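Structure, as structure tokens:
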Ligand SMILES: C[S@@+](CC[C@H](N)C(=O)[O-])C[C@H]1O[C@@H](n2cnc3c(N)ncnc32)[C@H](O)[C@@H]1O
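In the working numbering, the protein residues as written are 28 to 308.
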């Protein structure tokens, strides 16, 4: 192991510095991530089942005016927890995109077993290439905030193109309030095997808050057996209503509506999350 490189990595990184390895698509980590998605008792990777039930109900009744013929695109669909609920509510044209092969394969197995007609695509949504294809696109569980400015604008442009005229993009983001009690922290743990690695490893965990940009970083450096180390940076760009409005308007969206979450709960000042409906012209 290159100890000088490791020490360098323990210095606060430049904003939006990339991880040295991708956690969502890693063969081992993605299996543990799938377990987290499917655990009904934690909000770690997906929200709890009652929340998802409320969310698809809102999408059907409010966003789609109960028209189950609407074509829906779920970006970062994970193991299909929303897509399968939407299909069970009667939607017959649902597409889920995710770059985790493990999650997509699980989603496909579930759809086959439950005889649900859902189109799953294993793809990076930053290479999305649909045109005028969907009435509704969703990106749920604050994944928008992990993107840097260039990626974010690229995704918005791809989503805009993928929507039909008057189509709606629904997504959620964290607000700066989520980190109101933030303190920079450093901890380390030793594990005989766990979430990050199947064998003995050390985890060095750090949290940073980039006050000017209102960006949070949760960083885990994993030192495993027989390997160098990997750095996993989980970025979170937080947004106020003013900031997200200007980003969306620059991308061409209009008629913005704001809620507290993707169940359509009324917007509350100082909430940790905001959800947005943004319409294509
Ligand atoms: C926080 S999880 C949310 C999953 C799902 N929306 C839910 O709420 O149950 C984020 C998901 O986005 C996927 N993801 C992250 N970046 C992606 C990208 N660039 N392209 C496609 N999928 C991505 C991950 O694999 C993961 O399944």
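All residues carry an ideal CB built from backbone N, CA and C; glycine is no exception.
Note that the structure is a prediction, hence the values are computed from the model and not measured.
Fill in: Residue(s) in a DSSP beta bridge with residue 286
Taking the chain shown and counting its residues from 1, the one referred to as residue 286 is at position 259. Residue 286 is bridged to 293, 302.
Discussion item. In the DSSP output, which residue or residues are listed as bridge partners for residue 92?
Written reply: Here residue 92 refers to the residue found at position 65 of the chain shown. BP columns for residue 92 are empty, so no partner.
Discussion item. Does the structure place the region 294-307 close enough to the region 192-212 that three or more beta carbon pairs sit under 8 Å?
Written reply: yes
Discussion item. According to DSSP, simplified to helix, strand and coil, what is residue 272?
Written reply: By one-based count along the chain shown, residue 272 stands at place 245. Three-state DSSP puts residue 272 in a helix.
Fill in: Backbone CA spacing between residue 223 and residue 94 [nearest angstrom]
On the chain shown, position 196 is the one that residue 223 refers to. On the chain shown, position 67 is the one that residue 94 refers to. Roughly 43 Å between the two C-alpha positions.
Discussion item. I believe residue 205 touches residue 122 by the beta-carbon criterion, under 8 Å. Please report the beta-carbon distance rounded to the nearest angstrom.
Written reply: If you number the chain shown from 1, residue 205 lands on position 178. If you number the chain shown from 1, residue 122 lands on position 95. Not really, about 30 Å apart at Cβ, beyond 8 Å.
Practice prompt. Would you mind sorting residue 28 into buried or exposed? The rule is 16 or more other CB atoms within 10 Å of its CB.
Written response: If you number the chain shown from 1, residue 28 lands on position 1. Exposed is the call here.
Item to complete: Report yes if the CB atom of residue 99 is closer than 8 Å to the CB atom of residue 73, and no otherwise.
Response: Taking the first residue of the chain shown as 1, we reach residue 99 at position 72. Taking the first residue of the chain shown as 1, we reach residue 73 at position 46. No, these two residues do not count as a Cβ contact at 8 Å.
Practice prompt. Determine which residues share a DSSP beta bridge with residue 228 and list them.
Written response: Taking the chain shown and counting its residues from 1, the one referred to as residue 228 is at position 201. Looking at the DSSP assignment, residue 228 forms a beta bridge with 218, 251.
Worksheet item: Roughly how many angstroms lie between the CA atoms of residue 39 and residue 207, to the nearest whole one?
Response: Start at 1 with the first residue of the chain shown, and residue 39 comes out as number 12. Start at 1 with the first residue of the chain shown, and residue 207 comes out as number 180. Answer to the nearest angstrom: the Cα atoms are 20 Å apart.
Worksheet item: Going by DSSP, what residues sit across from residue 149 in a beta bridge?
Response: In the chain shown, the residue the question calls residue 149 occupies position 122. Partner(s): 125.
Worksheet item: What does DSSP give as the partner residues of residue 213 in its beta bridges?
Response: For the purposes of this step, residue 213 is taken as residue 186 along the chain shown, with counting starting at 1. 233.
Practice prompt. Please list, in chain order, all residues of the same chain as residue 138 whose beta carbon is under 6 Å from its beta carbon, the five residues on each side excluded.
Written response: Locating residue 138 in the chain shown gives position 111, where the first residue counts as 1. Excluding sequence neighbours, residue 138 sits near 145.
Worksheet entry | Backbone CA spacing between residue 105 and residue 258 [nearest angstrom] | Counting from 1 along the chain shown, the entry for residue 105 is found at position 78. Counting from 1 along the chain shown, the entry for residue 258 is found at position 231. When rounded, the distance between both Cα atoms is 23 Å.
Worksheet item: Alpha carbon to alpha carbon, what distance is there between residue 239 and residue 136?
Response: As a working note, residue 136 is residue 109 in the chain shown. As a working note, residue 239 is residue 212 in the chain shown. Approximately 45 Å, taken between the alpha carbons.
Discussion item. Buried or exposed for residue 77, going by 16 or more other Cβ atoms inside 10 Å?
Written reply: The residue labelled residue 77 in the question sits at position 50 within the chain shown. Exposed, since its Cβ has fewer than 16 Cβ neighbours within 10 Å.
Item to complete: Just the C-alpha distance for residue 126 and residue 170, rounded to the nearest angstrom, thanks.
Response: On the chain shown, position 99 is the one that residue 126 refers to. On the chain shown, position 143 is the one that residue 170 refers to. Taking the straight line joining both Cα atoms gives about 13 Å.
Worksheet item: Can you tell which of 41, 308, 47, 190 has the C-alpha that lies nearest to the C-alpha of residue 256?
Response: Reading the chain shown from its first residue, position 229 is the one you call residue 256. Per the Cα distances, 47.
Worksheet item: Assuming residue 267 contacts residue 192 under a Cβ cut-off of 8 Å, what Cβ separation, rounded to an integer in Å, is found between them?
Response: Counted from its first residue, the chain shown places residue 267 at position 240. Counted from its first residue, the chain shown places residue 192 at position 165. Not really, about 29 Å apart at Cβ, beyond 8 Å.
Worksheet item: Relative to the C-alpha of residue 210, which residue among 244, 130, 60 is closest?
Response: Your numbering for residue 210 matches position 183 in the chain shown. When only C-alpha atoms are compared, the closest one is 244.
Worksheet item: Which value, in whole angstroms, describes the spacing of the CA atoms of residue 97 and residue 52?
Response: Taking the chain shown and counting its residues from 1, the one referred to as residue 97 is at position 70. Taking the chain shown and counting its residues from 1, the one referred to as residue 52 is at position 25. Near 30 Å, if we compare the C-alpha coordinates of residue 52 and residue 97.
Worksheet item: At a Cβ threshold of 8 Å, is residue 301 touching chain B?
Response: In the structure shown, chain B does not exist; there is a single protein chain.
Fill in: Near ligand 1: residue 74 beta-carbon under 7 Å from a heavy atom
Position 47 of the chain shown, counted from the start, is the residue given in the question as residue 74. Because some heavy atom of ligand 1 lies under 7 Å away, the Cβ of residue 74 counts as near it: yes.
Worksheet entry | Distance CB(residue 63)-CB(residue 102) smaller than 8 Å | Here residue 63 corresponds to residue number 36 of the chain shown, with the count starting at 1. Here residue 102 corresponds to residue number 75 of the chain shown, with the count starting at 1. No, these two residues do not count as a Cβ contact at 8 Å.
Discussion item. Mapping the DSSP letters down to three states, classify residue 280 as helix, strand or coil.
Written reply: One-based indexing of the chain shown puts residue 280 at position 253. Correct three-state label for residue 280: coil.
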